[in-house]
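**Student:** Quick one: this structure, given as structure tokens, is what I'll be asking you about.
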Amino acid sequence: MLFLNPWLLAGLAAAGIPIVIHLVRRQAARPIDWGAMRFLMDTLVVRRRKMEWEDLLLMAARCLLLALVALAVARPFVPPDSSVPWLFVLPAAAVGIALFGGSFVLSSGRWRWSIRGGSLLLLIAAGALVWLEDQLNLKRFEASGRRDVALVIDASDSMGVHGAGGRTAFEQALAEARELVTKAPRGTAFTVVLGGPAPEAVTAAPLTHRADVLGALEGLEMSGGDFAAHEALGMATLALAEGLNASKEIVVFTDGQRSGWRLENPGLWKGLEEAWETMPARPRLLVRSFGIPATFRNVALGGFETSRSVVGTDRPVGIRVTVENTGAVPVTPGPVELEIDGRSAGEQPVGLLGPGERETVSFRHRFAEAGPAVLRARIAAKDDLAADDRLERVIAVRDKLRVLIVDGNASAEFFERGSGFTALALAPGALGGGNAERYLMEPEVIAAGRLRAEDLEERDVVVLADVARLPSALADRLEAKIAGGAGLMVIAGPRVEPGFYNAWSGVAGPVVPLPLGEEIGEAEGVRLAPSTYVHEALEIFADSGDLDEAVVRRWRRLGEPVEGAAKGAALASGDAFLGSRIYGNGRTLVVACAFDARSGSLPAKRAFVPLVHELVTWTAGGGVGLNVDASWRPSVRVGDAGGGLQARYFRGYGKRRKIGLERVDPTIDFEWMHEKPGKGLPADNYEVVWSGRLLPPVSGTYRFRAEVDDELELRIGDGAAMRARLGAPEMGEVKLEAGKPVPMEAVFREEGGEAYVRLLWTPPGGNESVIPAGAFLPGEAQGETLRAVDPRGRTREALVSAGRRGEELAISGIGVPGVYEVEVGEAGKRWLTGWDGGVLPVAVTRDEAESRLVPLGEEDREMIRSRIDLLEPGSVADMVGVLEGKGFGREIWKWVAGAALGLFLLESALARWVSRSRRVSEDVRVEFGDHPAWEGGRR
8 MLFLNPWLLA
18 GLAAAGIPIV
28 IHLVRRQAAR
38 PIDWGAMRFL
48 MDTLVVRRRK
58 MEWEDLLLMA
68 ARCLLLALVA
78 LAVARPFVPP
88 DSSVPWLFVL
98 PAAAVGIALF
108 GGSFVLSSGR
118 WRWSIRGGSL
128 LLLIAAGALV
138 WLEDQLNLKR
148 FEASGRRDVA
158 LVIDASDSMG
168 VHGAGGRTAF
178 EQALAEAREL
188 VTKAPRGTAF
198 TVVLGGPAPE
208 AVTAAPLTHR
218 ADVLGALEGL
228 EMSGGDFAAH
238 EALGMATLAL
248 AEGLNASKEI
258 VVFTDGQRSG
268 WRLENPGLWK
278 GLEEAWETMP
288 ARPRLLVRSF
298 GIPATFRNVA
308 LGGFETSRSV
318 VGTDRPVGIR
328 VTVENTGAVP
338 VTPGPVELEI
348 DGRSAGEQPV
358 GLLGPGERET
368 VSFRHRFAEA
378 GPAVLRARIA
388 AKDDLAADDR
398 LERVIAVRDK
408 LRVLIVDGNA
418 SAEFFERGSG
428 FTALALAPGA
438 LGGGNAERYL
448 MEPEVIAAGR
458 LRAEDLEERD
468 VVVLADVARL
478 PSALADRLEA
488 KIAGGAGLMV
498 IAGPRVEPGF
508 YNAWSGVAGP
518 VVPLPLGEEI
528 GEAEGVRLAP
538 STYVHEALEI
548 FADSGDLDEA
558 VVRRWRRLGE
568 PVEGAAKGAA
578 LASGDAFLGS
588 RIYGNGRTLV
598 VACAFDARSG
608 SLPAKRAFVP
618 LVHELVTWTA
628 GGGVGLNVDA
638 SWRPSVRVGD
648 AGGGLQARYF
658 RGYGKRRKIG
668 LERVDPTIDF
678 EWMHEKPGKG
688 LPADNYEVVW
698 SGRLLPPVSG
708 TYRFRAEVDD
718 ELELRIGDGA
728 AMRARLGAPE
738 MGEVKLEAGK
748 PVPMEAVFRE
758 EGGEAYVRLL
768 WTPPGGNESV
778 IPAGAFLPGE
788 AQGETLRAVD
798 PRGRTREALV
808 SAGRRGEELA
818 ISGIGVPGVY
828 EVEVGEAGKR
838 WLTGWDGGVL
848 PVAVTRDEAE
858 SRLVPLGEED
868 REMIRSRIDL
878 LEPGSVADMV
888 GVLEGKGFGR
898 EIWKWVAGAA
908 LGLFLLESAL
918 ARWVSRSRRV
928 SEDVRVEFGD
938 HPAWEGGRR
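Shown next as structure tokens:
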């Protein structure tokens with residue numbers, strides 16, 4: 008407990024006035040002996056104890072009354088995070104004052120000094136606790152000259168909820184921020200940060216001119232989405248570091264919602280704490296919370312789900328929308344309306360939803376054409392939070408899924424081939440004479456011995472059906488395709504060579520999810536165990552179908568999953584049947600047995616066709632993801648990662664060279680010997696220039712070597728050129744940082760004779776290998792700039808560039824939830840199969856947690872306090888008090904004044920009662936005996 012007017016505590020001396028009056032009156036009294044004194048003394052001896060207690064109560068009440076008046080005038084308050092409970096300090100001081108005053112009316116010296124000593128101890132204890140509180144708490148508010156203050160304004164969706172005064176929390180935040188700027192002490196510098204899914208620095212550094220700060224606040228708008236409080240504090244810290252004043256404060260205006268503070272990750276807060284430690288003085292965090300409505304009424308659209316991960320034009324797809332009551336009262340909302348590409352696709356009613364209840368409504372729709380489709384759902388909820396009454400998603404619709412099936416046993420009979428049943432399952436109409444255009448799958452079968460690098464181009468999924476092994480160049484090219492976003496499905500039949508597959512790796516680690524082991528054969532066979540169907544491609548078979556009736560007689564034993572992989576199903580024998588992993592931007596999957604008649608009865612089951620479709624569809628992935636979380640500069644991957652290097656082939660070399668061919672080469676690994684490197688080029692006297700960027704997978708020192716005839720010159724970043732010649736392959740070492748692309752250029756010259764070139768590297772802790780295509784990024788870092796329109800109709804810039812995830816499309820500025828329209832033109836043809844290009848929609852999604860309004864708890868506050876001095880002012884006056892060094896807290900002077908009024912009435916009643924009691928006691932009846940002489944003379 009502290010005091011806003013501590014000097015007025017001198018008024019506590021007024022509590023001694025009743026004591027002084029009592030002592031003066033007692034000194035003025037003179038004893039007089041008279042005849043009847045003996046009778047009165049006998050009566051007073053009996054009444055003395057009762058009178059002393061009455062005098063003690065009166066004296067204590069009068070002293071305490073004056074003390075309470077003095078305390079109320081001093082305006083006591085309880086500071087935030089008070090370490091001493093005021094309900095102990097105030098009563099201790101009150102009892103001490105009362106007992107000290109009352110001790111002066113006691114006649115017994117022993118009791119008088121005992122009570123007086125106890126009262127002094129209570130007063131000393133109360134004073135010491137107030138002093139301790141002052142030292143531990145009030146020094147937090149000490150003024151230390153000029154200050155830099157960061158104003159962080161929460162601009163999330165939940166700040167749009169209206170409060171009791173009719174204004175939204177965001178409007179209230181801006182109003183209080185302007186008032187704080189106006190009333191702050193002179194010399195205070197302010198910087199403004201707009202908090203949303205990604206914070207935005209409205210002012211680059213603290214400003215002392217208040218008109219500039221007010222102007223910055225005037226133009227702010229809600230960004231929507233969630234409030235990334237942790238990131239906003241980081242940006243505020245950076246802005247404060249630019250200020251010139253030693254004292255720093257961070258003021259956050261928010262609704263107090265827990266979402267976005269990232270309190271579940273203390274490590275992130277440790278990074279902030281380390282940044283605060285580097286400042287001249289640790290900043291204080293003032294959180295002005297407007298609170299969450301107790302009767303929050305809200306229905307939110309939670310998300311879209313489709314019945315298939317790959318949506319095609321071949322058949323209708325199921326669309327499910329989740330509706331959830333995130334408020335505190337039951338709600339009966341209106342129907343959910345679905346709109347696809349601006350046209351209505353139907354509506355579904357929603358019943359009564361209690362707090363926390365959810366309901367899923369379903370739609371069915373068949374897309375007529377390939378390309379991006381915008382899905383919008385709306386509900387007429389008429390609730391407190393309108394932002395979550397709508398939902399937008401973008402789906403990439405495909406007209407075909409290009410599948411390449413590589414057959415490792417193409418010379419066998421049809422039903423014993425590695426690809427026979429698989430190809431038939433993917434295109435059943437091709438064999439039955441049906442219309443093949445109805446099917447999404449577009450399979451092509453090629454024998455393993457005839458596979459070429461160009462066959463891998465334009466493929467969504469590659470199936471290696473009982474393929475023994477791949478040549479090194481093809482394996483590297485396929486690995487790069489997978490890392491870039493393609494899918495790989497390995498059917499581990501009897502012909503596969505485990506040594507090749509187990510050693511096959513690239514930039515994302517091992518390609519095959521589970522190591523291949525020996526082949527096992529049992530005449531009786533084993534069945535699949537439905538209880539082990541944990542892979543999402545097998546969900547539809549868990550409770551229906553005849554997949555579990557299939558008998559497998561030949562299978563390969565699969566080892567434990569590699570890092571990042573998982574088993575998806577098992578046989579009844581306990582051996583793994585299926586495993587998968589995410590590999591870079593693509594997916595890989597391995598099946599333990601061949602899909603042919605020799606391996607069992609699986610191809611004969613009704614579930615086989617949907618099984619193959621589900622496995623291939625999962626392996627293909629969802630394609631281009633056009634939905635992205637709200638963030639600063641939201642981006643989506645629209646093209647494959649890697650892709651090799653930009654290659655230019657010249658006739659001749661030096662100043663006389665002339666361009667003959669341009670293309671993208673996946674790797675630098677060629678053996679032309681005496682052949683021409685390309686059409687229109689000579690077999691001798693030519694030059695090849697490969698340019699792009701090198702993307703190292705790990706940090707450390709890389710050793711480069713080249714097997715070449717005649718010469719290769721390599722330049723990486725700003726380093727010196729490294730050269731290799733026939734008989735001198737060593738080039739040198741370069742230190743690289745993981746994930747950081749560096750420019751590179753390689754120049755190959757051929758004068759005559761044999762021609763070959765192979766560029767190899769040895770990564771830190773790794774083995775020497777040809778640099779894979781996944782480690783190359785073609786072209787320059789700067790890409791093409793496009794025009795985009797955000798959900799508010801404002802024009803922005805969008806940049807297409809090659810990054811570590813592949814070709815990326817990034818939209819400038821903060822990601823406002825909604826649909827962006829990017830004018831990509833014909834460039835969209837290479838991103839989405841079957842689409843002619845034009846305007847590409849990209850949906851920025853909102854966080855569902857923003858609809859639940861879960862407030863910060865006491866444990867959350869304790870976690871924040873462990874990192875930074877946390878204050879929670881309740882008004883602008885409190886914040887101004889902090890900036891002025893006066894402090895703030897919950898004032899209790901009204902409680903003290905109310906206690907004084909109550910005590911005044913109690914003292915008046917007590918005084919009347921004592922007075923009446925003593926008048927009645929003075930009416931003494933004197934008895935003169937029973938003798939007849941006294942009859943008639945009694946009084």
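Numbering (the numbering used here), first residue to last: 8 to 946.
Ideal placement from N, C-alpha and C gives every residue a C-beta, glycine not left out.
These numbers come from a predicted model, not from an experiment.
Using CA atoms only, rank isn't needed, just tell me which of D550, E752, R794 and G800 is closest to L816.
**Tutor:** R794
**Student:** Output yes or no for whether 8 Å exceeds the beta carbon distance between V951 and E354.
**Tutor:** Nothing can be reported for residue 951, as the shown portion of the chain is limited to 8 through 946.
**Student:** Whole alpha helix (DSSP H) runs in the region 246 to 305 with 4 or more residues, listed along the chain?
**Tutor:** 273 to 284
**Student:** For L221 versus V188, is the C-beta spacing smaller than 8 Å?
**Tutor:** yes
**Student:** In terms of residue numbering, what span does the beta strand (DSSP E) encompassing V518 cover?
**Tutor:** No beta strand (DSSP E) contains V518, which DSSP labels as neither H nor E.
**Student:** Please go through the same chain and pick out, in chain order, the residues whose beta-carbon is closer than 8 Å to the beta-carbon of G23, but skip the five residues on each side of it.
**Tutor:** Only C70 and G108 meet the Cβ criterion.
**Student:** State buried or exposed for K488, treating a residue as buried only when at least 16 other CB atoms are found within 10 Å of its CB.
**Tutor:** By the neighbour-count rule (16 or more Cβ atoms within 10 Å), K488 is buried.
**Student:** Do you know offhand how far A253's Cα is from G173's?
**Tutor:** Taking the straight line joining both Cα atoms gives about 39 Å.
**Student:** Count the other C-beta atoms from every protein chain shown that fall within 10 angstroms of the C-beta of T802, then say buried if there are 16 or more, exposed otherwise.
**Tutor:** exposed
**Student:** Out of R459, A727 and G241, state which residue places its alpha-carbon closest to the alpha-carbon of V741.
**Tutor:** A727
**Student:** Do M166 and D262 come within 8 Å of each other at the CB atom, strictly closer than that value?
**Tutor:** yes
**Student:** Any idea what DSSP makes of R765, helix, strand or coil?
**Tutor:** strand
**Student:** Could you tell me if the beta carbon of R409 falls within a distance shorter than 7 Å of some heavy atom in the ligand MG?
**Tutor:** For the structure depicted, the ligand MG is absent and the ligand set is empty, with no information on it obtainable.
**Student:** Pairs of beta-carbons, one from the region 763 to 778 and one from the region 704 to 720, closer than 8 Å: are there three or more?
**Tutor:** In short, these stretches touch, since the Cβ pair count reaches three.
**Student:** What residue range does the beta strand (DSSP E) around H542 cover?
**Tutor:** Here H542 belongs to no beta strand (DSSP E), and DSSP marks it neither H nor E.
**Student:** Which one of V318, A475, A455 and A352 has the shortest CA to CA distance from E405?
**Tutor:** It should be noted that the sequence gives Arg, not Glu, for residue 405. Ranking the options by Cα distance to R405, first place goes to V318.
**Student:** Buried or exposed: S551, going by 16 or more other Cβ atoms within 10 Å of its Cβ?
**Tutor:** exposed
**Student:** Between which two residues does the beta strand (DSSP E) holding H372 run?
**Tutor:** Unbroken beta strand (DSSP E) run through H372: R365 to H372.
**Student:** What is the DSSP secondary structure of T320, reduced to helix, strand or coil?
**Tutor:** coil
**Student:** Taking the alpha-carbon positions, what's the T175 to V336 distance?
**Tutor:** 20 Å
**Student:** Would you list the one or two residues that DSSP bridges to S698?
**Tutor:** Q653 and E752
**Student:** Could you tell me which residues DSSP pairs with V497 in its beta bridges?
**Tutor:** L471 and V597
**Student:** When burial is assigned at 16 or more other CB atoms within 10 Å of the CB, is T792 buried or exposed?
**Tutor:** exposed
**Student:** Using only the alpha-carbon positions, how far apart do S418 and R664 sit?
**Tutor:** 48 Å
**Student:** Which residues does DSSP list as the beta-bridge partners of P505?
**Tutor:** DSSP output for P505 lists no bridge partner at all.
**Student:** Taking DSSP as the reference, what is the three-state secondary structure of D395?
**Tutor:** helix
**Student:** Kindly indicate which three-state DSSP category S808 falls into: helix, strand or coil?
**Tutor:** strand
**Student:** Can you list, in chain order, the residues of its chain with a C-beta nearer than 7 Å to that of I589? Leave out the 5 residues immediately preceding and following it.
**Tutor:** G571
**Student:** Look up D976 in the DSSP assignment and give the residues it is bridged to.
**Tutor:** Nothing in the structure corresponds to residue 976, since the chain is present only between 8 and 946.
**Student:** With a CB to CB cut of under 6 Å and the five nearest residues on each side skipped, what residues in its chain are close to A239?
**Tutor:** V159, V200, G202 and P206
**Student:** Considering M738, what are the terminal residues of the beta strand (DSSP E) in which it resides?
**Tutor:** DSSP places M738 in the uninterrupted beta strand (DSSP E) bounded by E737 to L743.
**Student:** Looking at the strands, I want to know which residues DSSP matches up with S512.
**Tutor:** Partner(s): P517.
**Student:** Taking just the CA atoms, how far does V401 sit from E465?
**Tutor:** 23 Å
**Student:** With DSSP as the reference, label W625 as helix, strand or coil.
**Tutor:** helix
**Student:** If contact is defined by three or more beta carbon pairs under 8 Å, each pair taking one atom from either stretch, is the region 450 to 459 in contact with the region 408 to 423?
**Tutor:** yes
**Student:** Any contact of the region 387 to 401 with the region 305 to 317, i.e. 3+ C-beta pairs under 8 Å?
**Tutor:** yes
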